[in-house]
Each structure stands twice: as structure tokens, then as C-alpha cells.
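Report on one structure; see the data block that follows.
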Amino acid sequence: MKTIVLGIGNPILSDDGVGIHVAKQLKQHIKDPNVTIDEALTGGMNLLDLIIGFDKAILIDAVKMKNARTGDVKRFSISDMSTAHSCNPHDVSLAEALKMAERLGETHIPREIVIIGIMMNEMPCEFGEKLSETVAAAVPKAVEIVLSELGENLEISR
Numbered sequence: 004m005k006t007i008v009l010g011i012g013n014p015i016l017s018d019d020g021v022g023i024h025v026a027k028q029l030k031q032h033i034k035d036p037n038v039t040i041d042e043a044l045t046g047g048m049n050l051l052d053l054i055i056g057f058d059k060a061i062l063i064d065a066v067k068m069k070n071a072r073t074g075d076v077k078r079f080s081i082s083d084m085s086t087a088h089s090c091n092p093h094d095v096s097l098a099e100a101l102k103m104a105e106r107l108g109e110t111h112i113p114r115e116i117v118i119i120g121i122m123m124n125e126m127p128c129e130f131g132e133k134l135s136e137t138v139a140a141a142v143p144k145a146v147e148i149v150l151s152e153l154g155e156n157l158e159i160s161r
């Protein structure tokens, strides 16, 4: 199965870049030719362009949820995010982009899209390349969840 793992975020907006930090850690472990690990500094339609042609997509990103404990790591399916909206007024959410692609007849959309969300009470607004201690502590857990999601037959180096 051809899989893409995308770390999503803004690496200069502190905790918002957590997905990219997780992707960098995964690149050190995964050596499987069927798994592509990449970083995405974008969302919506541009994100759709990155996942087209793969059987499965695993997206890692900071997720703001009310009543969530910052640093918790949760697994979602794309259907769980169907009510999410893009925070960019000039773009659409990934769920909206997927619906548009299906309506337009795109046939190479991944059959399975999983989101590994690192919970945030508030999205960071200050510049910085380092993660807060709480969010940095979530990175190893997110790495393990992604490795588990990829399955037992994965070629990894620990």
C-alpha cells in the first residue's frame, strides 16, 4: 500500500509546527519504500494536491479543540473533521477540498485518510521555532501512533 505521512504546520509559529517536528522524527525511523514522509506548510486545496495518488494518507497536525488538554494526541478519521473549516479565508478545509475533488471525478484520492492530532487549547500566535514543553512531550507519542498506524510490516530502524 502506497502511503504518505504529512507533518502539517508552520515551523516558525512554535506549537503550530508540531506536525513538522513529528515528521522529522519519523524520517529517522522509516526506511520503507512504500511510505513517503513529507512536510506541508499549507492546507485545503494545496494539501489535496500532495495526497492525490496515494492509497492512504496520515496527516499530523495541531488541532484546536475546546475542553482538550494541550499535548494530548488523538487519532481522527477525515469524516470526524467534516465540520472543520479552513482558518484561511482564501482556501477551503481538506474535507471541503475532498468533496470538491470527488464531485469533479478525481479517482486517485486516498481510500483512507487519518489525522493524528496534537491537541491545543489555543493556537499559538507568537513566533518561535521551539515547541512548548507540553507539546514537545507529545511528539514521541505521536511518532508511536503513526508507526502503529503504518502497521507491523513496516521497515523501520529504531
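All residue numbers in the sequence shown are consecutive under the numbering used here, ending with 161. Even for Gly, the Cβ is constructed at its ideal location relative to N, Cα and C.
Which residue comes first and which comes last in the alpha helix (DSSP H) that contains K144?
-> What you label residue 144 is simply residue 141 of the sequence shown in a count that begins at 1. Run containing K144: 142-153, per the alpha helix (DSSP H) assignment.
Is it true that the region 110-121 meets the region 54-66, where meeting means three or more beta-carbon pairs spaced less than 8 Å apart?
-> yes
Nearest-angstrom Cα separation, counted from I55 out to N49 | The sequence position of residue 49 within the sequence shown is 46, counting from 1. The sequence position of residue 55 within the sequence shown is 52, counting from 1. Distance between the alpha carbons of N49 and I55: 10 Å.
T73 to A141, Cα distance in whole Å?
-> Within the sequence shown, residue 73 is the residue found at index 70, counting from 1. Within the sequence shown, residue 141 is the residue found at index 138, counting from 1. Taken atom to atom, the span from the alpha-carbon of T73 to that of A141 is near 9 Å.
Cα separation between V8 and E132?
-> Translated into the one-based positions of the sequence shown, residue 8 becomes position 5. Translated into the one-based positions of the sequence shown, residue 132 becomes position 129. Looking at the two C-alpha atoms, the distance is approximately 21 Å.
Does the Cβ-Cβ distance between L53 and D41 come in under 9 Å?
-> Against the sequence shown, residue 53 aligns to sequence position 50. Against the sequence shown, residue 41 aligns to sequence position 38. Cβ distance < 9 Å, so L53 and D41 count as in contact.
Sorted by chain position, which residues of the same chain lie with C-beta nearer than 8 Å to V146's C-beta, five sequence neighbours on each side aside?
-> Looking up residue 146 in the sequence shown gives position 143. Only V25, Q28, L29, H32 meet the Cβ criterion.
Limits of the unbroken alpha helix (DSSP H) element including G22 = The count along the sequence shown starts at 1 and reaches residue 22 at position 19. It spans 21-32 - the alpha helix (DSSP H) in which G22 sits, taken as one unbroken run.
Could you give the residue range of the beta strand (DSSP E) that holds A65?
-> On the sequence shown, residue 65 is found 62 positions in, with the first residue counted as 1. Residues 59-67.
Just checking my contact of M103 with K59 at CB under 8 Å: how many whole Å lie between their CB atoms?
-> Here residue 103 is taken as the residue at index 100 of the sequence shown, counted from 1. Here residue 59 is taken as the residue at index 56 of the sequence shown, counted from 1. In fact, because the Cβ distance is near 21 Å, the residues do not count as touching under 8 Å.
What is the DSSP secondary structure of T73, counted as helix, strand or coil?
-> As a first step, residue 73 must be located in the sequence shown, where it is residue number 70. DSSP places T73 in coil when its eight states are reduced to three.
Return the CA-CA distance between E125 and D18, expressed in angstroms with no decimal places.
-> Position 122 of the sequence shown, counted from the first residue, corresponds to residue 125. Position 15 of the sequence shown, counted from the first residue, corresponds to residue 18. Distance between the alpha carbons of E125 and D18: 10 Å.
Is F9 helix, strand or coil by DSSP?
-> Start at 1 with the first residue of the sequence shown, and residue 9 comes out as number 6. Before going on, a small fix: residue 9 reads as Leu here, not Phe. Here L9 sits in strand by DSSP.
Identify whether I15 lies in helix, strand or coil by the three-state DSSP scheme.
-> Numbered from 1 along the sequence shown, position 12 holds the residue referred to as residue 15. Correct three-state label for I15: coil.
Just to confirm, are V76 and I148 a CB contact at a threshold of 9 Å?
-> Taking the first residue of the sequence shown as 1, we reach residue 76 at position 73. Taking the first residue of the sequence shown as 1, we reach residue 148 at position 145. Closer than 9 Å, so yes.
Comparing alpha-carbon positions, which option in F57, R106, G12, G20 lies nearest R114?
-> Counting from one through the sequence shown, the residue named residue 114 turns up at place 111. Closest by alpha carbon: F57.
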